[in-house]
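> Residue numbers (this note's numbering), protein chains in the order written: chain A, 278 to 390; chain B, 376 to 487.
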Amino acid sequence: ILNVEQSPQSLHVQEGDSTNFTCSFPSSNFYALHWYRWETAKSPEALFVMTLNGDEKKKGRISATLNTKEGYSYLYIKGSQPEDSATYLCASSFSGGYNKLIFGAGTRLAVHP
Amino acid sequence: SQTIHQWPATLVQPVGSPLSLECTVEGTSNPNLYWYRQAAGRGLQLLFYSIGIDQISSEVPQNLSASRPQDRQFILSSKKLLLSDSGFYLCAWTPQGASGYTFGSGTRLTVV
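#1: I need the boundaries of the beta strand (DSSP E) containing K336 of chain A, first residue and last residue.
#2: Which residues in the same chain as V387 of chain B place their Cβ atom closer than 7 Å to its Cβ, once the five residues preceding and following it in sequence are excluded?
#3: Would you check if the stretch 357-372 of chain A and the stretch 308-324 of chain A touch, i.e. whether three or more CB-CB distances between them fall below 8 Å?
#4: Please compile the residues from chain A whose C-beta is within a distance smaller than 8 Å of the C-beta of G391 of chain B.
#5: According to DSSP, is E316 of chain A helix, strand or coil?
#6: Say whether chain B places a C-beta atom closer than 9 Å to the C-beta of G383 of chain A.
#7: Buried or exposed, going by whether 16 or more other CB atoms sit within 10 Å of the CB of L458 of chain B?
#8: Please list, in chain order, the residues of the stretch 280-305 of chain A that have any C-beta partner in chain B closer than 9 Å.
#9: CA-CA distance, K358 of chain A and K336 of chain A?
#10: Within 9 Å of any Cβ in chain B, is that where the Cβ of L343 of chain A sits?
#11: Select from the stretch 319-331 of chain A all residues with a C-beta closer than 7 Å to any C-beta belonging to chain B, and list them in chain order.
#12: Looking at the unbroken beta strand (DSSP E) that takes in G427 of chain B, where does it start and where does it end?
#13: Identify the continuous beta strand (DSSP E) that holds L386 of chain B and give its terminal residues.
#14: Do we get a CB-CB distance below 9 Å when we pair V379 of chain A with the residues of chain B?
#15: Give the residues from the stretch 360-374 of chain A that approach chain B closer than 8 Å (Cβ to any Cβ), ordered along the chain.
#16: Could you tell me the boundaries of the beta strand (DSSP E) in which F302 of chain A lies?
#17: Could you check the C-alpha separation between K334 of chain A and Y349 of chain A for me, to the nearest Å?
#18: For a cutoff of 9 Å on Cβ pairs, would you count F449 of chain B as touching chain A?
#19: What residue range is occupied by the uninterrupted beta strand (DSSP E) comprising P444 of chain B?
#20: If you measure from the beta carbon of Q377 of chain B to each beta carbon in chain A, is any gap under 9 Å?
#21: Going along chain A in order, which residues have a C-beta closer than 7 Å to the C-beta of T469 of chain B?
#22: Cα separation between I339 of chain A and G481 of chain B?
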């Protein structure tokens with residue numbers, strides 16, 4: 278059974294703090310690693326897709342890194358703002374898997390003013 | 376441009392009643408289609424995926440079934456709902472051979 282793990286489960290930070298989350302996934306037959314941002318009552322919004330070991334992606338204050346050899350990815354948020362409050366989902370796909378994504382349980386971030 | 380529609384947004388159904396959730400994609404052809412569920416306190420679990428009309432694969436044994444009667448239509452059904460079927464259901468699509476999902480707006484199902 279393929280398992281994607283995320284930590285921490287939830288996080289409370291103050292506005293302006295920088296924070297990071299971890300996603301771990303099986304490294305065998307790895308194809309791609311996805312990060313999504315999910316706000317309550319909305320659809321998950323794609324943040325990044327990474328495929329190569331050492332990949333780094335950045336969008337504004339949010340960035341992500343990928344280590345496919347050891348099977349982990351980090352998501353960083355610099356200078357957190359209240360509007361960053363959401364659940365951040367990590368998902369992995371595997372070779373020959375018809376692009377099926379295996380999701381972690383998510384990290385729920387609350388940024389307090 | 377491509378869009379995905381999912382309905383209804385919320386649903387309250389008694390135990391033992393049938394279920395039908397519908398998802399349609401516009402602006403593309405031959406998409407890969409997926410049904411996911413988030414049960415309370417858990418992550419998104421893949422229920423079904425489809426790479427073409429009438430080609431459905433089930434990921435976990437359960438009380439649900441899926442059908443794809445048309446290229447851009449994906450339906451999630453149950454003949455008799457259980458309390459454990461409660462959750463948030465998401466439909467998603469990708470172009471063939473591509474990575475990123477586009478999700479529907481979701482259905483909150485409560486079985487009472």
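Beta carbons: idealized from backbone N, C-alpha and C, even for Gly.
Reading off the structure:
#1: Reading the first sequence from its first residue, position 59 is the one you call residue 336 of chain A. Unbroken beta strand (DSSP E) run through K336 of chain A: E333 to K336.
#2: The residue given as residue 387 of chain B occupies position 12 in the second sequence. Excluding sequence neighbours, V387 of chain B sits near T485 and V487.
#3: yes
#4: Here residue 391 of chain B refers to the residue found at position 16 of the second sequence. Result: empty, since nearest Cβ-Cβ is about 28 Å, beyond 8 Å.
#5: For the purposes of this step, residue 316 of chain A is taken as residue 39 along the first sequence, with counting starting at 1. Residue state, collapsed to three classes: coil.
#6: Here the question's residue 383 of chain A lines up with position 106 in the first sequence. So, interface residue.
#7: Position 83 of the second sequence, counted from the first residue, corresponds to residue 458 of chain B. Exposed: under 16 other Cβ atoms inside 10 Å.
#8: V281 and Q283
#9: To locate residue 358 of chain A, count along the first sequence from 1; it is residue 81. To locate residue 336 of chain A, count along the first sequence from 1; it is residue 59. Inspection of the sequence shows that residue 358 of chain A is occupied by Gln rather than by Lys. C-alpha separation (whole angstroms): 15 Å.
#10: Taking the first sequence and counting its residues from 1, the one referred to as residue 343 of chain A is at position 66. So no, L343 of chain A is outside the interface.
#11: S320, P321, A323 and V326
#12: Position 52 of the second sequence holds residue 427 of chain B. Counting along the chain, the beta strand (DSSP E) containing G427 of chain B begins and ends at L419 to G427.
#13: Here residue 386 of chain B refers to the residue found at position 11 when the second sequence is read from its first residue. From DSSP, the beta strand (DSSP E) with L386 of chain B extends over T385 to Q388.
#14: Taking the first residue of the first sequence as position 1, residue 379 of chain A is located at position 102. Just to set this straight, residue 379 of chain A is Ile in the shown sequence, not Val. Chain B, which has a Cβ nearer than 9 Å to the Cβ of I379 of chain A, makes this yes.
#15: Those residues of the stretch 360-374 of chain A that come within reach of chain B (Cβ to Cβ, closer than 8 Å) are L366, A368 and S370.
#16: Sequence index remark: in the first sequence, residue 302 of chain A carries index 25 (1-based). Segment: none, F302 of chain A is in no beta strand (DSSP E) and carries neither H nor E.
#17: In the first sequence, residue 334 of chain A corresponds to position 57, counting from 1. In the first sequence, residue 349 of chain A corresponds to position 72, counting from 1. The alpha-carbon atoms of K334 of chain A and Y349 of chain A are separated by roughly 14 Å.
#18: For the purposes of this step, residue 449 of chain B is identified with residue 74 of the second sequence, where counting begins at 1. Chain A contact via Cβ: absent.
#19: To locate residue 444 of chain B, count along the second sequence from 1; it is residue 69. Counting along the chain, the beta strand (DSSP E) containing P444 of chain B begins and ends at S440 to Q445.
#20: Sequence index remark: in the second sequence, residue 377 of chain B carries index 2 (1-based). Q377 of chain B does not count as touching chain A.
#21: Locating residue 469 of chain B in the second sequence gives position 94, where the first residue counts as 1. Neighbours of T469 of chain B on chain A, chain order: N376.
#22: Here residue 339 of chain A refers to the residue found at position 62 of the first sequence. Here residue 481 of chain B refers to the residue found at position 106 of the second sequence. Their Cα atoms are separated by approximately 25 Å.
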